[in-house]
Every structure is written in C-alpha cells, then in structure tokens.
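Counting in the working numbering, the final residue of the sequence shown is number 1623, and the numbers go up one at a time with none missing. For each residue, glycine too, the CB sits at the ideal point set by N, CA and C.
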Amino acid sequence: MPIQRILFVCLGNICRSPLAEAIFLQLAEAADRAHLEADSAGTSGWHEGERADPRSREVAQRNGIHIQSRSRTVRDSDFALFDLILAMDRENLRHLQQRCPDEHRHKVRLMREWDPAGPGDVPDPYYGGPSGFDDNFAMLHRCCVQLLDELGE
1471 MPIQRILFVC LGNICRSPLA EAIFLQLAEA ADRAHLEADS AGTSGWHEGE RADPRSREVA
1531 QRNGIHIQSR SRTVRDSDFA LFDLILAMDR ENLRHLQQRC PDEHRHKVRL MREWDPAGPG
1591 DVPDPYYGGP SGFDDNFAML HRCCVQLLDE LGE
C-alpha cells in the first residue's frame, strides 16, 4: 500500500497541530495502518524548535498519548510531499492557500471537515485555561477518527 502523508497545521505548531499529529499517529498505529505518516507545522516561526505547549502535552498524556514533535514552520516542499494538509482554522487555511502552488491546492483543507459534530475552526487554546485544551483534544480526536475511517484500509 502506498504511503499517505498528512500534515497538521496551526499558527505556532505548539498547541493544536502537534496534538492532532500525536492523536492521529496513535490511532493509525492502533489500527495497524503503517502506511499512514503524519507531521505538524506552523504558519509562523515563533516557536521554531520548541516542544509542544505543556498543556497540550499534559492533555495528551492524560489520554495515553505522547507528543514527540518539535515546532517547525511550513516549508514550500511540504505542499508536494504531503497528500493532505489540514489547517486548524480559516486564518491558517488562507495563509496556506496563498503559499500553495496551484497543482497542490486540492490538498489544503480544514481539519474540522472531518468533525461529525460539524464544521468550523479548531479554536486556539493558547491564551485560555486548561478546559480549552480538553475541548481541543475531544474535537481533534473526533476528527482524527473520522479521517482515519475515510482513508480506509
């Protein structure tokens, strides 16, 4: 089976996208889908090289998931390398669409297109309290389950 690569993207790549990446990878591993790969990146370089926000790591750990990634910025090569590039919100979607070469624009989509609870943005929990990270986890988990189902065996 050919490798399928998914890139999860938020602003700083320390809250939402590394959490989505870790959830997706754990679900893919549990489903024995070795052909699925994931990474995460940010549209800004504010946190380049940093670990995920401690609150994202904590909510992941409470749910049996370990976030290993370090923040990086979206690279031009990502548009060709990844099969699907999922923005956490409309602002990041617009930024990605502006940078994306025309032949890869179909790959750039919103994460919550896979949310059974409905479309919209994955809110940035950075300036809020711990409940925002819990809400993000639940939302991203729903999306990742649905995405994994859609990608099939």
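Nearest to glutamate 1520 by CA position, among Arg1540, Ser1526, Ser1487, is which residue?
Arg1540
Distance check for aspartate 1548 and arginine 1532, CA to CA, integer angstroms please.
31 Å
Which partner residues does alanine 1557 have in the DSSP bridge list?
Val1479, Leu1580
Helix, strand or coil, according to DSSP, for aspartate 1509 in the structure here?
strand
Contacts around arginine 1612, its chain only, beta-carbon distance under 7 Å, and the 5 residues preceding and following it disregarded:
Asp1585, Pro1586, Ala1587
Closer than 6 Å by C-beta to tyrosine 1596: which residues in its own chain qualify, once you throw out the five before and the five after it? Chain order, please.
Cys1485
Is arginine 1569 helix, strand or coil by DSSP?
helix
Closest residue to serine 1514 among Met1558, Leu1551, Leu1481, Ile1535 (Cα-Cα distance):
Leu1481
List the whole-angstrom C-beta distance separating aspartate 1591 from glutamine 1474, where the pair is believed to meet the contact cut-off of C-beta under 8 Å.
Going by Cβ atoms, the distance from aspartate 1591 to glutamine 1474 rounds to 25 Å, so no, they are not a contact pair.
Which of the three DSSP states, helix, strand or coil, is assigned to glutamine 1616?
helix
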